[in-house]
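Before any comments, here is the structure.
Number of protein chains: 2
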Amino acid sequence: MKAPLKLSGKPGVRGKIEEKAEIAAAAARVLSGLSPETRGKALGAMGAGLAEHRGRIVEANRRDLEAAEEAGLSSALVKRLRFDEEKLAETRCMLTTLEMQRDPLGRVQEARRLDRGLVLRRVTCPIGVLAFIFESRPDALIQMVGLSVRSGNALLVKGGREAEHTNRVLVEILGDAGVQAGLPKGWLAALESREDVRSLLALDSLVDLLIPRGSREFVSAVKDSTRIPVLGHADGVCHVYLHADADTDKAVRVVVDSKTQYPAACNAAEVLLVHRDAAPRVLPEVVGALERRGVALELCPESAAILGERPSRTVKADSDWSVEYLDLRMAVRIVDSLETAVDHINRYGSGHTDCIVTESREAGRTFLGLVDSSSVFLNASTRFADGYRYGLGAEVGISTGKIHARGPMGVEGILTYKWLLEGEGHTVADFCDGIRRFEHRDLPEEVGGLYGTG
Amino acid sequence: MKAPLKLSGKPGVRGKIEEKAEIAAAAARVLSGLSPETRGKALGAMGAGLAEHRGRIVEANRRDLEAAEEAGLSSALVKRLRFDEEKLAETRCMLTTLEMQRDPLGRVQEARRLDRGLVLRRVTCPIGVLAFIFESRPDALIQMVGLSVRSGNALLVKGGREAEHTNRVLVEILGDAGVQAGLPKGWLAALESREDVRSLLALDSLVDLLIPRGSREFVSAVKDSTRIPVLGHADGVCHVYLHADADTDKAVRVVVDSKTQYPAACNAAEVLLVHRDAAPRVLPEVVGALERRGVALELCPESAAILGERPSRTVKADSDWSVEYLDLRMAVRIVDSLETAVDHINRYGSGHTDCIVTESREAGRTFLGLVDSSSVFLNASTRFADGYRYGLGAEVGISTGKIHARGPMGVEGILTYKWLLEGEGHTVADFCDGIRRFEHRDLPEEVGGLYGTG
Chain A
1 MKAPLKLSGK PGVRGKIEEK AEIAAAAARV LSGLSPETRG KALGAMGAGL
51 AEHRGRIVEA NRRDLEAAEE AGLSSALVKR LRFDEEKLAE TRCMLTTLEM
101 QRDPLGRVQE ARRLDRGLVL RRVTCPIGVL AFIFESRPDA LIQMVGLSVR
151 SGNALLVKGG REAEHTNRVL VEILGDAGVQ AGLPKGWLAA LESREDVRSL
201 LALDSLVDLL IPRGSREFVS AVKDSTRIPV LGHADGVCHV YLHADADTDK
251 AVRVVVDSKT QYPAACNAAE VLLVHRDAAP RVLPEVVGAL ERRGVALELC
301 PESAAILGER PSRTVKADSD WSVEYLDLRM AVRIVDSLET AVDHINRYGS
351 GHTDCIVTES REAGRTFLGL VDSSSVFLNA STRFADGYRY GLGAEVGIST
401 GKIHARGPMG VEGILTYKWL LEGEGHTVAD FCDGIRRFEH RDLPEEVGGL
451 YGTG
Chain B
1 MKAPLKLSGK PGVRGKIEEK AEIAAAAARV LSGLSPETRG KALGAMGAGL
51 AEHRGRIVEA NRRDLEAAEE AGLSSALVKR LRFDEEKLAE TRCMLTTLEM
101 QRDPLGRVQE ARRLDRGLVL RRVTCPIGVL AFIFESRPDA LIQMVGLSVR
151 SGNALLVKGG REAEHTNRVL VEILGDAGVQ AGLPKGWLAA LESREDVRSL
201 LALDSLVDLL IPRGSREFVS AVKDSTRIPV LGHADGVCHV YLHADADTDK
251 AVRVVVDSKT QYPAACNAAE VLLVHRDAAP RVLPEVVGAL ERRGVALELC
301 PESAAILGER PSRTVKADSD WSVEYLDLRM AVRIVDSLET AVDHINRYGS
351 GHTDCIVTES REAGRTFLGL VDSSSVFLNA STRFADGYRY GLGAEVGIST
401 GKIHARGPMG VEGILTYKWL LEGEGHTVAD FCDGIRRFEH RDLPEEVGGL
451 YGTG
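These protein sequences, in sequence, are chains A and B. Each residue of the first sequence is one higher than the last, beginning at 1 in this note's numbering. Each residue of the second sequence is one higher than the last, beginning at 1 in this note's numbering.
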């Protein structure tokens, strides 16, 4: 077993990071007061900045790619790291989409007349200072920066060492473009090292939300080492359950896609549960299709007996059903009922994404109702659990927590709201003394409108 | 300075509490699948149970009251502790209201067609297991229990020692009534001691949300000692700011009500900020009215110079503007601009509730926009910051955090959602290969409807 990651800051570094966070907190207060137009303009300027400095970006990326190849990183990692003209075009397009998007701030979520001349409104506003700690993909950085500007949040970022040069140039270009378009200095800042991150975790009075993306160990260690709220997921142990009446063709399609379409993703399936009554009919077909895609299987004894021996099949030796393979491997277990499948998922799963394949509307409803995961699917690949595919626009990340935001999060995940009450000198005493009475009349015509952005 | 509270569990107690929490977690899974009717029936049965056992409740409360008087508790505390026929009637009425309320579960918040035969819905669901740790008011317990049933959450509770007998009887009556109406055993359980609470804080895999209500030290200690998300507030350092053009009558009404209508409440104002240009005109009137209500003032040197000496006035010796008096005391500071007032509030306030008194629409908008608090008011007493007054129905509590729920929280604060996707064997590969394209067509006609509660 690995020793647990320890995350507690060094006093020397702390001062420097505290200063960055203080500047970011001051910037956040300015950002929350900027007009939608200024923030929109900044998004436009950021896209233009990327185009203007494409040479510098590609050059910095080349250095990271060379270092990655020297260090012998896997080709998949190198691919994620690459930031070429195509990625540049994609990210500029994403920034344009955000620029054109309806502004998410100052939106009235509830409006209620409490009394004559006394109106309450619940209005969206930024959270304040976000910290985004992520791995190698430089386009994830640009997406998060864009979302922060759209939502009026200040942002501290720390990327993976593999993309060090690319990220540094990107933060500089995007930060400068924002400032020139009217954002406050320090609205975007980079942390340089793990040590910086450790120091940051202590700054719960300055940083409002942490969004870590990385290994299970890293996300868990972050959660353990801070009072700052954390949004994200440590694991993606996703399941596909084939019910007794599962259609074979749908089963094959859904399982193969869930497992093989992109096995390294958090929403790829790791465990296949099969109802005993479906197993003889459906399992051989599904397993055959998986094997043709190169998937190795870890079988429970019962499924092993049904399927027979093959080099790609082993009998699962342990009872640990919470393994996240992130690879072309899959565990298979026979269950005796829908309820057993639900219990298995709620017990061993990670609350990420789980799917049932069935022709029965009732079985589907039961599964969707009882599985306690952020995304629960009927006859659809687990790989659909993604902000873009859900139609959320850019994605902040996927949360397996139940507080604030759950599942794929769009810009909503980095917004909060406040309650605004406007009166004419109203006092609570008048209501307690019976001089006035609460009306509590909802004002639906105001909901969704803009407020206070002039 | 007091030594910080230490909250880490003893191994002996841990097993017992873990068992209770495991039973609650199992109960939560059952609760999430119950029909709205069953949960409604349980609320009705709980009200009937309170009526039936009123003798036992009053008798238990008498024991607590006697103990409180023996211990010399303040009359205010004793009053909060009292659970008489009137309180019984009020709480039964509250349970009836919850019983009649539209069910908050299974509501569609978003619906979107991703493709032919592929529909995504975001649907409300319970959070799971809540833990409510509160002080003496037994009616707060009943309110929280009612809200938990309405929202399908299991609940662990720990009340103050002063109300020990009352709370024990109430939990027994409410728990049994719920079980007889069809709720699972263990859906409601009481923790007996501080030691129990300490053990509970380690159970982040079983408990989904902590709602502590109590002293600043206690709430802070809870936050420091757990990975479980915490909703609540440690402080209520609320401000009233009188702008240069403040109407004197409104200023007097709002300040007097904010400070004196119930000084022990978290939404009572502690600090009065006055624009320099308004001070000579408005401050003497406001201070006169406060003094007639027995309020002692701590003045900044400038306001002291304007007001002159009086026994109820002292010059504020320190620069600590974050004191929560919870008493008939108030600090006064002259500021030279709206911006200074906003900065003061964002720096020294607790993000609870802050108010501006002004006749200027623009100054009001600026203040409402820039003050980073959960409730921000224009010309209205800070005492309005309350779930009942906001028209939320029963109140879970007030949160000064920015994550999940902010300000007064109704039942929404103890709900989450999940994403349900229904397809016909859809795969992501088809979309990547260009065989299918995302439609992302919103289905507004489905939003707000009920889903999956049959």
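All C-beta atoms in this analysis are idealised placements derived from N, C-alpha and C, irrespective of residue type, glycine included.
Under 8 Å by beta carbon: chain B residues contacting residue i
i: Gln261/A; result: Thr427, Val428, Ala429, Cys432
i: Arg92/A; result: By Cβ distance, chain B contributes nothing, its closest Cβ being about 21 Å from Arg92/A, past 8 Å.
i: Phe377/A; result: Leu420, Leu421, Glu422, Gly423
Buried versus exposed, by CB contacts within 10 Å (16 or more), residue i
i: Gln261/A; result: buried
i: Arg347/B; result: exposed
i: Gly349/A; result: buried
i: Lys6/A; result: Confidence at Lys6/A is low in this model, with a pLDDT of 46, below 50, so the placement of that residue should be treated as unreliable; the coordinate-derived value is given next. Exposed is the call here.
i: Lys79/A; result: exposed
i: Lys185/B; result: exposed
i: Asp196/A; result: buried
i: Ala71/B; result: exposed
i: Ile57/B; result: buried
i: Pro104/A; result: buried
i: Cys300/A; result: buried
i: Asp433/A; result: exposed
i: Ser75/A; result: exposed
i: Ser32/B; result: buried
i: Gly454/B; result: At Gly454/B, the pLDDT of 30 sits below 50, so the modelled position is not reliable; the number obtained from the coordinates is stated separately. Exposed.
Contact check, residue i vs residue j, beta carbons under 9 Å
i: Ala341/B; j: His275/B; result: yes
i: Leu98/A; j: Ala289/A; result: no
i: Ala234/B; j: Thr400/B; result: yes
i: Lys223/B; j: Leu209/A; result: no
i: Pro408/A; j: Ser375/A; result: yes
i: Val411/A; j: Ser151/A; result: yes
i: Cys238/B; j: Asp354/B; result: yes
i: Leu141/A; j: Thr38/A; result: no
i: Arg119/A; j: Leu421/A; result: Here residue 119/A is Val; the residue named in the question, Arg, does not match the sequence. A contact, by the Cβ cut-off of 9 Å.
i: Gly500/B; j: Val108/B; result: Since the first residue shown for chain B is 1 and the last is 454, residue 500/B is missing from the structure and cannot be characterised.
i: Arg168/A; j: Ala189/A; result: no
i: Leu156/B; j: Ala177/B; result: no
i: Leu135/A; j: Gly160/A; result: It should be noted that the sequence gives Glu, not Leu, for residue 135/A. Yes, they are a contact pair.
i: Ala279/B; j: Ile356/B; result: no
i: Arg313/A; j: Leu297/A; result: yes
i: Val252/A; j: Glu285/A; result: yes
i: Glu424/A; j: Lys250/B; result: yes
Close-in-space but distant-in-sequence residues of the same chain around residue i (CB under 8 Å, 5 per side omitted)
i: Thr416/A; result: Thr124, Cys125, Pro126, Ile127
i: Leu206/B; result: Glu18, Ala21, Glu22, Ala24, Ala25, Val129
i: Pro444/B; result: Ala111
i: Lys418/B; result: Arg122, Val123, Cys125
i: Arg293/B; result: Val256, Lys259, Thr260, Leu328
i: Arg310/A; result: Glu291
Under 8 Å by beta carbon: chain A residues contacting residue i
i: His440/B; result: Gly391
i: Asp249/B; result: Gly425
Own chain residues within Cβ distance below 7 Å of residue i, not counting five before or after
i: Arg63/A; result: His165
i: Glu270/B; result: Val237, Cys238, Val323, Glu324, Tyr325, Met330, Ala331
i: Arg54/A; result: Leu88
i: Val230/A; result: Leu210, Pro212, Val222, Lys223
Proximal residues to residue i (C-beta, below 6 Å), its chain only, five neighbours per side dropped
i: Ala265/A; result: none
i: Ala42/B; result: Val149, Gly178, Ala181, Leu183
i: Phe367/A; result: Ile356
i: Leu370/B; result: Val342
i: Ser360/B; result: Asp245
Proximal chain A residues relative to residue i, where beta-carbon distance stays under 7 Å
i: His404/B; result: Ile403, His404
Neighbour list for residue i in chain B, Cβ cutoff strictly below 9 Å
i: Trp321/A; result: What Trp321/A touches in chain B: nothing, since even the nearest Cβ is about 16 Å away.
Neighbour list for residue i in chain A, Cβ cutoff strictly below 9 Å
i: Ser32/B; result: Gly369, Leu370, Asp372
i: Leu201/B; result: Those within 9 Å of Leu201/B in chain A number zero; the least Cβ separation is about 13 Å.
query: Unbroken alpha helix (DSSP H) runs of length 4 or more, entirely within the stretch 154-231 of chain A: which are they?
result: Entirely contained in the stretch 154-231 of chain A, the alpha helix (DSSP H) runs reaching 4 residues are, in chain order, 164-180, 194-200, 216-224.
- request: Any chance you could list the alpha helix (DSSP H) runs of at least 4 consecutive residues sitting entirely within the stretch 243-301 of chain B, in chain order?
  value: 248-260, 279-292
field: Length at least 3, wholly inside the stretch 290-377 of chain A: the beta strand (DSSP E) runs in chain order
entry: Whole beta strand (DSSP E) segments, 3+ residues: 296-299, 313-315, 329-335, 353-357.
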